[in-house]
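Residue numbers (my numbering): 36 to 308.
Backbone N, C-alpha and C define an ideal beta-carbon position, used for all residues, glycine too.
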Ligand code: ATR
């Protein structure tokens, strides 16, 4: 075994249910990268700054950040343009102290992997939090025609203004007439254990034939995805986005092309366990 160990990890609070260790460690194993290890690191918000310095000083090459640290990390790293635009850091490279956001690439590349057309297509985003920001930024860059519907309208308006997007803010009723080709759930509505919920109200007709993409991946088939299929559309769960944002971080830390199929299989296994 080679030495020293090059460590990376996921920092969150809580972090027990993270699929990232399984995904990254499977990739290291498949590539024979025996000197790399991906850890789960539980860190409460009040000691994030101190903890990141400690990790950096003790052999960590970089970390992923998850709830609730993504916004706070902006001030604790050198955020690149992507992280600043999205307003959140999910990946740090301690060698450069750069904080970036791989959710944007994870999302867009998963849509591409599923052959979902984006350029000039009408896309409706549900939600206006951090996940919606990453989606809106990526879709704006590839030339989709965007609309955003959020429970709190002002938050959607702020998102559009902050990102200087050419996007409409709509109510869900108005969104039906927008006739989107793709609808993306960027909220956590429908996530386990509240699997009978959907961000799309049952009494409102689901746009016929629209593709649904759900950033929720626990369960794999959400109520929202079932609604899309019943209306004759495609349904794509968010596990691919999780894998591909992780793959992008892997590429940054190691400089090695990650095995997407291995990471996908590991994430599926961990999710099922
Ligand atoms: P994230 O960073 O994961 O996007 P967030 O910033 O907490 O998380 O944003 C959560 C999103 O889900 C928001 O758009 C939120 O709507 P509000 O802006 O009105 O709070 C949305 N959301 C959460 N629970 C919801 C619910 N029960 N119904 C509708 N929208 C909901």
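- Backbone CA spacing between residue 84 and residue 91 [nearest angstrom]: Walking along the chain shown from the start, residue 84 turns up at place 49. Walking along the chain shown from the start, residue 91 turns up at place 56. One C-alpha to the other measures close to 11 Å.
- Query: Quick one: what does DSSP say residue 256 is sitting in, helix, strand or coil?
  - Reply: Numbered from its first residue, the chain shown carries residue 256 at position 221. DSSP places residue 256 in the coil class of the three-state scheme, outside both helix and strand.
- Query: Hey, out of 233, 51, 266, whose CA is closest to residue 225's CA?
  - Reply: Walking along the chain shown from the start, residue 225 turns up at place 190. Of the candidates 233, 51, 266, the residue whose Cα lies closest to the Cα of residue 225 is 233.
- Query: Under 7 Å from any heavy atom of the ligand ATR, does the C-beta of residue 185 make it?
  - Reply: As a working note, residue 185 is residue 150 in the chain shown. Yes.
- Message: Assuming contact is defined by CB atoms lying nearer than 8 Å, are residue 206 and residue 184 in contact in what I supplied?
- Response: Looking up residue 206 in the chain shown gives position 171. Looking up residue 184 in the chain shown gives position 149. Contact flag set, yes.
- Message: Buried or exposed for residue 180, going by 16 or more other Cβ atoms inside 10 Å?
- Response: As a working mapping, residue 180 is identified with position 145 in the chain shown. Label assigned to residue 180: buried.
- Cβ-heavy atom distance, residue 222 to the ligand ATR, below 7 Å: Translated into positions along the chain shown, residue 222 becomes position 187. Result yes, Cβ under 7 Å from the ligand ATR.
- Query: Run through DSSP, which three-state label would residue 236 get?
  - Reply: Within the chain shown, the letter at position 201 stands for residue 236. Of the three classes helix, strand and coil, the one that applies to residue 236 here is coil, per DSSP.
- Item | Under 8 Å between C-beta atoms of residue 104 and residue 43 | Stepping through the chain shown from its first residue, residue 104 is reached at position 69. Stepping through the chain shown from its first residue, residue 43 is reached at position 8. Cβ distance not < 8 Å, so residue 104 and residue 43 don't count as in contact.
- Report buried or exposed for residue 135, applying the criterion of at least 16 other Cβ atoms within 10 angstroms of its Cβ. For the purposes of this step, residue 135 is taken as the residue at position 100 of the chain shown. Around the CB of residue 135, 16 or more other CB atoms lie within 10 Å, so the residue is classed as buried.
- Message: Please report the straight-line C-alpha distance between residue 119 and residue 201, rounded to a whole angstrom.
- Response: If you number the chain shown from 1, residue 119 lands on position 84. If you number the chain shown from 1, residue 201 lands on position 166. Straight-line Cα distance between these residues: approximately 19 Å.
- Query: Using the beta-carbon count (16 or more within 10 Å), is residue 149 buried or exposed?
  - Reply: Locating residue 149 in the chain shown gives position 114, where the first residue counts as 1. With fewer than 16 Cβ atoms within 10 Å of its Cβ, residue 149 is classed as exposed.
- Query: At which residues does the beta strand (DSSP E) containing residue 76 begin and terminate?
  - Reply: One-based indexing of the chain shown puts residue 76 at position 41. From DSSP, the beta strand (DSSP E) with residue 76 extends over 71–77.
- Query: Which one of 252, 61, 267 has the shortest CA to CA distance from residue 217?
  - Reply: Within the chain shown, the letter at position 182 stands for residue 217. Residue 217 has its Cα closest to that of 267, out of 252, 61, 267.
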